[in-house]
Structures are given as C-alpha cells and as structure tokens.
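Structure record follows, encoded as structure tokens.
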Amino acid sequence: MTIARRTTVPPAGEQSEQTVREVRPWRDATRDVLANRAALVALIILVIIVLVSLLAPLYASHVAHTNPFTSNVQGSIVVDGKKVDVMQQSATGLGVTPIGPTWHSRYFLGADGQGRDVMARVLYGGRVSLLIGSVSAAICCFVATALGIIAGYMGGLVDGILSRLFDVVWAFPVYLLAICLSIVLLTSTLTIGPISIGSGSLALPIAIISVIYVPYVARPIRAQVKSLRERMFIQAARSVGSSNWRIIRRDVLPNVLPSVIVYFPIMMALNILIAASLSFLGVGVQPPRAAWGTIINDGLPLLYTRPLVSLAPGVMIALTCVALNLLGDSLRDALDPGSKVRVGS
C-alpha cells in the first residue's frame, strides 16, 4: 500500500486532502479486517487468551487458592464433600501420581508431578510466553525496519555491509542458532555496557529471539525501500532540497509501515513457538518462572497417566499461534496484498 502525499493548505475549518488520503487507507483496512470472519474469530481468541493470562494472579489466589510455584505433594483438597490427596497411589501400579482434573475451582485440570495446579500454571505461563512473544516481535520489527530502511535508502557500502550481516544470520537455521546462543549465554552473564543480563532473566530469551529473526523482516523492507527510492515523489522531495531524514520520516516510513504491521503478528507467533521450544529444552525460561514450554516439559513423565499437564499448554500455544497467523493473513490482505512473508526454520 503506497500512501501518496500532497501538501496543500486547506481553507479554515476544512480537512486537508493529505489527512483524508492518509486516514482513509487505514480506515478501509480496519473495516476489511473486521469484516473478515476468520480474522474476527482470531481477534476474539487472542483477546480472551490475553485477558485470562493477565488475570492469572486473581485466579490463583481467589479461585484456585494455591501458589502455582511451590510444591504441594503433601496437600489435599475437598472434592464433592470428600477429602482427596493431591498425590495419590496409581491404580495401575505406577507409583504415586498427581490428582487428575476435578473440573472444580481447585485443580480444575489436575496437578503436575509436584502437586501444583496445572490450570494456574498454564495461565501464568501465558503471561510469560505472551510477554516474550510480543516484546521480541516488537524489538525485531523495530530493528529490522530501521536497518532495512537504512540499507535500502542509503545503498552503496552501507547496503553492502548490512546485507552481508543479514546473510551471516540467515545462513544458520533459526532453531539451531537460538539453541546455541541460549546455551552459551546461560552459562554466563551477558553484559552490554552498564547493563547485565543474568541467566534467569526474561531479557535473555527476548534478546536472543529478537536478533535471530531480524534478517527475515529487514530484507523485504530493504527491497521495498530500494523500489520506493526511485519513485517520482521521492525524487521530487530530493529536488526541492529535503534532507534524507525528512524524506525517510515523511515519505519512506509511511509506505513501509503497512508491511511492518503485517509482519508483527506473524513474528509474534513464530517467537512464541521458538520460546516454547527453548523452554522445553531447558535453555529458555528458567525456574521458578513458568512458561508454556516448561510446563510441557514438566508433564512428560506423566504423559500416559495425566496427559492434560502437557496437552493444556500445547493447546494454548496452538490456539495463540493459529489466531496470530490468521490475523496476520487478514492484515496482509487488507494492508499489503502484494507482501509474502518468507521465514526460515
């Protein structure tokens, strides 16, 4: 979507043509997205997931009456008027197993191997997973947009250096690069000037995930800017003496912004997936924090007796990522129908 610009001074009390032409594409795009049933359902699902995740502390304290981060292997609850131990002897002779789903306020989805409420942990895990996914996607899109615009607009040596840096990151499989960086940085403290990031900090997986996907957004932005650079309205702005910064801010950025908006939900879905993978492997979110990937890992020993421990966070990951991709596809159709997102794996 190319936003044409025309600078005119409107009569008093009237809206400028520039304002009308800039607002209308966004208004039309919003209408198209809301008219898309799949996008509307995806948006509703995302809002519900975000809300229930944000309300996790209230659920844990006022509904489940539990601390989802402390072991409760000696605890018991009352179900239908009967006292039931959280950890029980298995009827199949497999030793002690946690209580299954009660479908009541306490232990709604049962307990994990340490007697912790699965439902409460899944909601808390959503807070962490959504935080990592959204923040890393925002950082990735911001850095990639800046580098893509600089490389595409400046050209020459600057473009060559940045393009080679993109190629270096692009050469590694995403998951392999993320795992290697996580293993290396988990064994030490990452220090950037006055900032120190410890191995247990959420800033570590956010930083790693943000960096590895930058080339996949920056390269198409660079190509788009190189095309825009030759357009007549850019040449006209140069001919009247506009500075590079002014041209980028007023003419280039508004035309690449729709593409960036399209990339954001897709990158967020990819980042949630890779964050879950790293946490599952033990090189992502570290205890005592809970993320969807760590909860799936916790449920592996109970996969045959209490499959909901692993299935519940898996379903949340699937719902979130499918909804984000549907929303991203709808935004692409509305804002930038010519855009095709290519992401390596």
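The opening position of the sequence shown corresponds to residue 1 in full-length UniProt numbering, with each subsequent residue numbered one higher.
Note that beta-carbon positions come from the ideal geometry of N, C-alpha and C, so glycine has one too.
Please read all numbers here as calculations on a predicted model, not as lab measurements.
Query                                                                                                     : Result
Beta-carbon spacing of residue 260, residue 149 below 7 Å                                                 : no
Bounding residues of the beta strand (DSSP E) (the contiguous stretch that carries residue 174)           : First-last for residue 174: 174-186, but that is the alpha helix (DSSP H), not the beta strand (DSSP E).
Residue 205 (DSSP reduced to helix, strand or coil)                                                       : helix
Stretch-stretch touch, CB-based, cutoff 8 Å, three pairs: the stretch 261-269 with the stretch 134-143    : yes
Cα-Cα separation between residue 220 and residue 88, rounded to whole angstroms                           : 56 Å
At least three beta-carbon pairs within less than 8 Å, the stretch 55-75 to the stretch 102-116           : yes
Three or more C-beta pairs below 8 Å linking the stretch 311-323 and the stretch 41-52                    : yes
Check whether residue 292 and residue 307 have beta carbons under 7 Å apart                               : no
Validate contact between the stretch 165-180 and the stretch 234-254 using beta carbons, cut 8 Å, 3 pairs : no
Strand pairing of residue 88, partner residues [DSSP]                                                     : 97
Whole alpha helix (DSSP H) elements within the stretch 286-345, 4-residue minimum                         : 292-298 and 308-335
Distance between residue 34 and residue 300 (C-alpha atoms, nearest Å)                                    : 40 Å
Under 7 Å between C-beta atoms of residue 83 and residue 76                                               : yes
C-alpha distance - residue 218 paired with residue 254, whole-angstrom precision                          : 16 Å
Length of the line joining the Cα atoms of residue 32 and residue 331                                     : 9 Å
Closest residue to residue 144 among 79, 216, 155 and 126 (Cα-Cα distance)                                : 216
Counterpart residues of residue 111 in DSSP-defined beta bridges                                          : 117
Residues sharing a beta bridge with residue 105, DSSP                                                     : None; residue 105 has no bridge partner.
Endpoints, the alpha helix (DSSP H) within which residue 61 is located                                    : Segment: none, residue 61 is in no alpha helix (DSSP H) and carries neither H nor E.
N- and C-terminal bounds of the alpha helix (DSSP H) containing residue 48                                : 37-54
Inter-residue Cα distance where the pair is residue 257 and residue 62                                    : 43 Å
Beta-carbon gap between residue 50 and residue 289 smaller than 7 Å                                       : no
Neighbourhood of residue 310 by C-beta, 7 Å cutoff - its chain only, sequence neighbours within 5 removed : 296, 299, 300 and 303
Closest Cα partner of residue 180 within the set 231, 284, 56 and 335                                     : 284
Backbone secondary structure at residue 79 - three-state DSSP                                             : strand
Burial state of residue 119 (16 or more Cβ within 10 Å)                                                   : buried
Environment of residue 67 [buried if 16+ CB atoms lie within 10 Å]                                        : exposed
Sequence ranges, alpha helix (DSSP H) only - wholly within the stretch 231-267, length at least 4         : 232-239 and 244-247
Run of the alpha helix (DSSP H) containing residue 68, from where it starts to where it stops             : Taken as a continuous stretch (DSSP letters only), residue 68 belongs to no alpha helix (DSSP H), as it is neither H nor E.
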